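2 protein chains.
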Amino acid sequence: MALGDAILACLTERPMTGYELAKTFDSSIGFFWKADHQQIYRELSKLRDRGYIQGREVVQTGKPNKLVYTLTNEGRTALRHWAARPSTPASNKDDLLVRFHALDSVDLEPVRADLMARLEHHRDRSERYERILKKRFPDGTASEAADIGNLLLLKLGSRHEQMVAEWCEEAIDALSGLTGHGTTVVPLEDGKREKG
Amino acid sequence: MALGDAILACLTERPMTGYELAKTFDSSIGFFWKADHQQIYRELSKLRDRGYIQGREVVQTGKPNKLVYTLTNEGRTALRHWAARPSTPASNKDDLLVRFHALDSVDLEPVRADLMARLEHHRDRSERYERILKKRFPDGTASEAADIGNLLLLKLGSRHEQMVAEWCEEAIDALSGLTGHGTTVVPLEDGKREKG
DNA sequence: CGACTTTTGTCCGTTACGGTAAATAACGGG
DNA sequence: CCCGTTATTTACCGTAACGGACAAAAGTCG
Numbered sequence: 000m001a002l003g004d005a006i007l008a009c010l011t012e013r014p015m016t017g018y019e020l021a022k023t024f025d026s027s028i029g030f031f032w033k034a035d036h037q038q039i040y041r042e043l044s045k046l047r048d049r050g051y052i053q054g055r056e057v058v059q060t061g062k063p064n065k066l067v068y069t070l071t072n073e074g075r076t077a078l079r080h081w082a083a084r085p086s087t088p089a090s091n092k093d094d095l096l097v098r099f100h101a102l103d104s105v106d107l108e109p110v111r112a113d114l115m116a117r118l119e120h121h122r123d124r125s126e127r128y129e130r131i132l133k134k135r136f137p138d139g140t141a142s143e144a145a146d147i148g149n150l151l152l153l154k155l156g157s158r159h160e161q162m163v164a165e166w167c168e169e170a171i172d173a174l175s176g177l178t179g180h181g182t183t184v185v186p187l188e189d190g191k192r193e194k195g
Numbered sequence: 000m001a002l003g004d005a006i007l008a009c010l011t012e013r014p015m016t017g018y019e020l021a022k023t024f025d026s027s028i029g030f031f032w033k034a035d036h037q038q039i040y041r042e043l044s045k046l047r048d049r050g051y052i053q054g055r056e057v058v059q060t061g062k063p064n065k066l067v068y069t070l071t072n073e074g075r076t077a078l079r080h081w082a083a084r085p086s087t088p089a090s091n092k093d094d095l096l097v098r099f100h101a102l103d104s105v106d107l108e109p110v111r112a113d114l115m116a117r118l119e120h121h122r123d124r125s126e127r128y129e130r131i132l133k134k135r136f137p138d139g140t141a142s143e144a145a146d147i148g149n150l151l152l153l154k155l156g157s158r159h160e161q162m163v164a165e166w167c168e169e170a171i172d173a174l175s176g177l178t179g180h181g182t183t184v185v186p187l188e189d190g191k192r193e194k195g
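Protein sequences, first through last, are from chains Z and D.
Residue 53 in numbering that gives the first Met the number 0 sits at position 54 of the first sequence, and the numbers go up by one each step.
Residue 15 in numbering that gives the first Met the number 0 sits at position 16 of the second sequence, and the numbers go up by one each step.
Here's what the structure looks like:
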């Protein structure tokens with residue numbers, strides 16, 4: 000259970016509903032952990048079954064009632080125990096990079112298109128990180144533990160995106176150099192026989 | 000299927016056995032894609048069933064016979080088709096980073112220990128990348144597609160490890176600043192009740 | 001009335017991960 | 001001679017994760 004722990008970690012900040020968590024996993028913590036709403040609700044059920052979180056129903060008018068989840072002491076303890084175990088380095092697993100490993104066996108256009116999309120994506124993220132950094136830590140320092148954690152996270156994110164964005168530019172350059180001019184025509188010798 | 004495609008990508012270089020692939024996934028391509036031998040053998044069966052690869056048994060004396068897998072034309076085509084589809088940006092999913100999101104709710108010692116281990120790990124990798132780079136591309140350039148792909152891969156890997164290693168140092172610094180001196184003692188109020 | 005949003009779920013199928021184990025056979029150390 | 005390691009492939013099993021489709025309930029907006 001790792002997604003579960005990520006959820007627990009989120010709930011240390013404040014009690015949240017599944018819906019809110021799903022939103023959170025789409026932004027802040029979502030920058031380094033993706034999870035859709037089904038996953039989150041499923042995981043919430045499990046966490047509740049284990050007594051790590053507690054749901055409090057909030058009656059709403061105009062909207063369905065919502066379930067605000069709060070960490071229990073057991074949950075806090077579980078999180079601490081989990082956090083005390085050595086972490087696994089986590090592999091990257093990037094489709095795009097696999098393509099580069101077989102660059103001479105794939106068509107270059109899509110790779111290039113992908114790179115352009117990535118470049119934009121990483122630039123975008125980089126800017127978002129920078130914006131948040133400037134807003135939350137104008138002087139680039141923090142003193143409380145929670146803040147320090149987030150500052151470091153933001154710095155890492157920012158640098159990562161920056162670095163990858165630069166790499167994308169370089170890669171695009173290198174690929175264009177491969178063909179000299181805009182469009183490549185890779186001879187599809189066995190392309191005729193299409194695919195079984 | 001993504002692991003399958005990673006395997007196909009590996010096999011574009013040369014025919015390999017499952018055992019060799021497992022080794023490969025423990026080094027070169029393994030730098031950005033982890034897979035153990037069970038996964039690989041399972042995936043190889045699937046790929047064979049689909050006709051993407053072809054196994055040739057090599058009788059050995061002294062060792063069990065081995066199955067050398069070769070890409071079929073169908074496999075090549077499948078790889079190319081897969082590579083032509085836009086890639087998914089791939090989320091990082093790092094345990095350690097989750098901890099930083101809840102830094103005030105976890106014990107710092109293990110986090111610090113983790114960081115030290117990571118620092119070593121990333122430095123190690125960084126050096127490995129650099130060594131390979133110097134060896135394979137002494138002048139930092141490449142002309143053939145396959146080489147360019149690997150050059151770019153190595154550059155990305157190297158920079159990534161470098162960057163993360165530096166971040167680890169910074170994080171260790173920041174954490175030590177948190178407590179002023181070597182060892183922190185976080186009061187474990189509910190640690191007594193152990194865990195249900 | 002119908003479409004859309006908010007909120008909370010369920011069901012189902014696939015992919016992936018990873019531990020344990022086993023068969024087979026040589027080679028090398030104590 | 002037993003044991004551990006290397007090389008090689010494979011099976012079984014459980015859990016984690018992913019993600020599409022669907023539903024239900026209550027408001028709002030057009």
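Just so you know, even glycine gets a beta-carbon here, dropped at the ideal spot from N, CA and C.
These numbers come from a predicted model, not from an experiment.
Assumed close pair residue i, residue j - CB separation to whole angstroms, cut-off 8 Å
| i | j | result |
| --- | --- | --- |
| A34/Z | L66/Z | Rounded, the Cβ-Cβ distance is 17 Å, inconsistent with contact. |
| L46/Z | G17/Z | So it is not a contact: roughly 11 Å between Cβ atoms. |
| I171/Z | R98/Z | Between R98/Z and I171/Z the Cβ distance is about 14 Å, and since that is not below 8 Å, they are no contact. |
| I39/Z | L20/Z | 5 Å |
| P85/Z | A116/D | 7 Å |
| E129/D | S175/D | Not a contact, Cβ separation roughly 28 Å. |
| L96/Z | L153/D | Between L153/D and L96/Z the Cβ distance is about 11 Å, and since that is not below 8 Å, they are no contact. |
| A83/D | D106/Z | 6 Å |
| P109/D | Y68/D | Rounded, the Cβ-Cβ distance is 42 Å, inconsistent with contact. |
Bridge-paired residues (DSSP) for residue i
| i | result |
| --- | --- |
| K65/D | V57/D |
| T16/D | V67/D |
| I52/D | L70/D |
Three-way DSSP call (helix, strand, coil) for residue i in this model
| i | result |
| --- | --- |
| T23/D | helix |
| T71/Z | coil |
| I6/Z | helix |
| T11/Z | coil |
| P137/D | coil |
| S125/Z | helix |
| A34/D | coil |
| E143/Z | coil |
| L177/Z | helix |
| V105/D | coil |
| A164/Z | helix |
| A1/D | coil |
N- and C-terminal bounds of the alpha helix (DSSP H) containing residue i
| i | result |
| --- | --- |
| P88/Z | No alpha helix (DSSP H) contains P88/Z, which DSSP labels as neither H nor E. |
| F99/D | 94 to 100 |
Q. Do the stretch 94 to 104 of chain D and the stretch 129 to 146 of chain Z make contact, defined as three or more Cβ pairs closer than 8 Å?
A. The stretch 94 to 104 of chain D, when compared against the stretch 129 to 146 of chain Z, does touch it at the 8 Å Cβ threshold.
(Q) With three or more C-beta pairs closer than 8 Å as the rule, is the stretch 92 to 99 of chain D touching the stretch 83 to 99 of chain Z? (A) Taking a contact to require three or more Cβ pairs closer than 8 Å, the stretch 83 to 99 of chain Z and the stretch 92 to 99 of chain D qualify as touching.
Q.
I want to know whether the stretch 154 to 165 of chain Z touches the stretch 115 to 133 of chain Z - three or more CB-CB distances under 8 Å.
A. The stretch 154 to 165 of chain Z vs the stretch 115 to 133 of chain Z: in contact.
(Q) Three Cβ pairs or more, each shorter than 8 Å: is that satisfied between the stretch 68 to 80 of chain D and the stretch 48 to 55 of chain D? (A) In the pairwise beta carbon analysis, the stretch 68 to 80 of chain D is classified as touching the stretch 48 to 55 of chain D: at least three pairs are separated by under 8 Å.
**Q.** the stretch 24 to 32 of chain D in contact with the stretch 4 to 16 of chain D per 3-pair CB rule at 8 Å
**A.** The stretch 24 to 32 of chain D vs the stretch 4 to 16 of chain D: in contact.
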